[in-house]
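Novice: This is the structure I want to talk about, given as structure tokens.
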Amino acid sequence: MSQVLNLEIPEEIYQPLVEIAQRRGQSPEEFTLQWLMVSIQHFTDDPLEPLIGSVQSNMPDWTEHHDHYLGENLLKTEGNI
Numbered sequence: 868m869s870q871v872l873n874l875e876i877p878e879e880i881y882q883p884l885v886e887i888a889q890r891r892g893q894s895p896e897e898f899t900l901q902w903l904m905v906s907i908q909h910f911t912d913d914p915l916e917p918l919i920g921s922v923q924s925n926m927p928d929w930t931e932h933h934d935h936y937l938g939e940n941l942l943k944t945e946g947n948i
């Protein structure tokens, strides 16, 4: 079963959306649906998602960039082995 979702999108977002969709040979609606599906999959597959908010940090962008920070730390750790 599918649902209908109506969005009011500012012009400064809509125009780049149309351009990207056209370059990919898609309608803005098709591209947006595909982008939403990938984005939602990213969040549902994130093993750290349940931990978000459970740890205090002085990094305000931790939730958005935790993969980067963990990768950086892993590279530093591997360099010391």
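The sequence shown finishes on residue 948 if you use the numbering used here, and the numbering steps up by one all the way, no holes.
Beta carbons: idealized from backbone N, C-alpha and C, even for Gly.
What is the residue span of the alpha helix (DSSP H) that I880 lies within?
Specialist: Segment E878 to R890, the alpha helix (DSSP H) holding I880.
Novice: Does DSSP put M904 in a helix, a strand or coil?
Specialist: Helix.
Novice: Taking the C-alpha atoms as reference points, what is the distance between I948 and E939?
Specialist: Confidence is the limiting factor: at I948 the pLDDT is only 45, short of 50, which leaves the residue's position unreliable and the question unanswerable from this model.
Novice: Alpha carbon to alpha carbon, how far is Q882 from S906? Give it in angstroms, no decimals.
Specialist: About 20 angstroms.
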